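Participant: Start counting the sequence shown at 0; every next residue gets the next number (this note's numbering).
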Amino acid sequence: MTGTLDAVERTALLTAALRAVESGRADRLYTDPYAARLAGDTGLKLLGELRDATAPREDPSGERSGVPSTPDYNALRTRFFDDYLQREARDPQTSQIVLAPAGMDSRAHRLDWPAHTRYFELDRPAVLALKEQRLRGVPPRVEHRTVALDLTAPDWENTLLTAGYTPDRPSVWLLEGLLYYLRHDEVHRILGRVAALMAPGSRIAADLVNTAALTRPDMRALLDVFAGWGCPWLSGTDDPEALLGAHGFRAGAVQPGEPGADFGRWPDPVPPRTETGVRRVFFVHGVRQ
Ligand SMILES: C[S@@+](CC[C@H](N)C(=O)[O-])C[C@H]1O[C@@H](n2cnc3c(N)ncnc32)[C@H](O)[C@@H]1O
Numbered sequence: 000m001t002g003t004l005d006a007v008e009r010t011a012l013l014t015a016a017l018r019a020v021e022s023g024r025a026d027r028l029y030t031d032p033y034a035a036r037l038a039g040d041t042g043l044k045l046l047g048e049l050r051d052a053t054a055p056r057e058d059p060s061g062e063r064s065g066v067p068s069t070p071d072y073n074a075l076r077t078r079f080f081d082d083y084l085q086r087e088a089r090d091p092q093t094s095q096i097v098l099a100p101a102g103m104d105s106r107a108h109r110l111d112w113p114a115h116t117r118y119f120e121l122d123r124p125a126v127l128a129l130k131e132q133r134l135r136g137v138p139p140r141v142e143h144r145t146v147a148l149d150l151t152a153p154d155w156e157n158t159l160l161t162a163g164y165t166p167d168r169p170s171v172w173l174l175e176g177l178l179y180y181l182r183h184d185e186v187h188r189i190l191g192r193v194a195a196l197m198a199p200g201s202r203i204a205a206d207l208v209n210t211a212a213l214t215r216p217d218m219r220a221l222l223d224v225f226a227g228w229g230c231p232w233l234s235g236t237d238d239p240e241a242l243l244g245a246h247g248f249r250a251g252a253v254q255p256g257e258p259g260a261d262f263g264r265w266p267d268p269v270p271p272r273t274e275t276g277v278r279r280v281f282f283v284h285g286v287r288q
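1. Which residues mark the beginning and the end of the beta strand (DSSP E) in which F282 is found?
2. Cβ of T289 within 8 Å of Cβ of L207?
3. Keeping to the same chain, check which residues put their C-beta closer than 7 Å to that of R89; ignore five residues upstream and five downstream.
4. Classify V16: buried if its beta carbon has 16 or more other beta carbons within 10 angstroms, exposed otherwise.
5. Give me the Cβ distance between V171 and E274, rounded to the nearest whole Å; I'm assuming they're in contact under 8 Å.
6. Mind pulling the alpha helix (DSSP H) runs of 4 or more residues that sit fully within the region 67–111?
7. Do you know offhand how far P255's Cα is from P153's?
8. Give every residue of the same chain whose Cβ lies closer than 7 Å to the Cβ of V126, excluding the five residues on either side of it in the sequence, and list them in chain order.
9. If you draw a straight line from the alpha carbon of Y29 to that of A74, how long is it in whole angstroms?
10. Are Y131 and L98 touching if we call contact CB-CB under 8 Å?
11. Helix, strand or coil for S22, going by three-state DSSP, please let me know.
12. Alpha carbon to alpha carbon, how far is T210 from R264?
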């Protein structure tokens, strides 16, 4: 069945494999009891390929090289957005949560949600079909709707509205593990379309890389893996607050390793935002004005 997934869809299995590994660690930042079954053999195979290609190694001069720690990054990302979504969901005004895309994320099944929450999982049809199969018999802990769509298609908004999303009620949207697979113009187009569906006071969050992360030699091994799979990283931004600001959000951003996004697990130095040319990832969040 996973043979029917294309390259970017298969990254959902990779992410689930990372969550499965994290869940087995003594110092885990969360427990995802469904991650292993969601990842399947394909997810573990992809993770193995990523590890093989990006393991720290010494060049002939004795210099050690490597790329940022993907397992630690992924663990921080999951935990950061777990906490973010749970915090925002407690706001009695916020009745809708939208994961765009949901991939093999199991927050609807592994976390508790307030009774007033309606939880939408958006992704391509093949991903959601596989997820449903792999989670059969596991009830979601929230009023839950899966919505099969392509976020670059001309009319996905109608599919979401038909599924029961109400644009004039406050919502929280999470664009996790998506934006770097899209061209810059597609990122803007999707953010504009999402913003148009969000009532004032609604929240949005996403993870992003900066532009140097797409070109630096010390990122090459990681970038080559994704490009080799057929889902290259295509875009990044050096000003995530401005990116969201351009679509009507008051935004803030934090880098893994900074206060609030460290969890004692970020292994790399975090250069100040004034330093140019270094690789970065951002967790950006905004409020719809
Ligand atoms: C790295 S996974 C992240 C999924 C999830 N947010 C997580 O963290 O586990 C990327 C997901 O983006 C989805 N995706 C990529 N492009 C998409 C598009 N144009 N429309 C809908 N989903 C898309 C893929 O199907 C895949 O499930």
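Glycine residues also receive a C-beta, built at the ideal position from the N, C-alpha and C atoms.
Values in this document were obtained by computation on a predicted structure and should not be read as measured data.
Facilitator: Looking at the atomic coordinates:
1. For F282, the uninterrupted beta strand (DSSP E) segment begins and ends at 280–287.
2. Missing from the structure shown is residue 289; the chain here goes from 0 to 288 and no further.
3. Closer than 7 Å at Cβ, skipping near neighbours: P113.
4. The question names Val, but residue 16 is Ala in the sequence shown. With 16 or more other Cβ atoms inside 10 Å of its own Cβ, A16 counts as buried.
5. In fact, because the Cβ distance is near 32 Å, the residues do not count as touching under 8 Å.
6. Entirely contained in the region 67–111, the alpha helix (DSSP H) runs reaching 4 residues are, in chain order, 69–88, 106–109.
7. Near 34 Å, if we compare the C-alpha coordinates of P153 and P255.
8. Around V126, the same chain offers L4, E8, A11, G102 as residues with beta carbons nearer than 7 Å, after the five sequence neighbours per side are excluded.
9. Distance between the alpha carbons of Y29 and A74 is about 8 Å.
10. The question names Tyr, yet the displayed sequence has Glu at residue 131. No, the pair does not count as a contact, with Cβ atoms beyond the cut-off.
11. The answer is helix: DSSP assigns S22 an H, G or I state.
12. Rounded to the nearest angstrom, the two C-alpha atoms are 24 Å apart.
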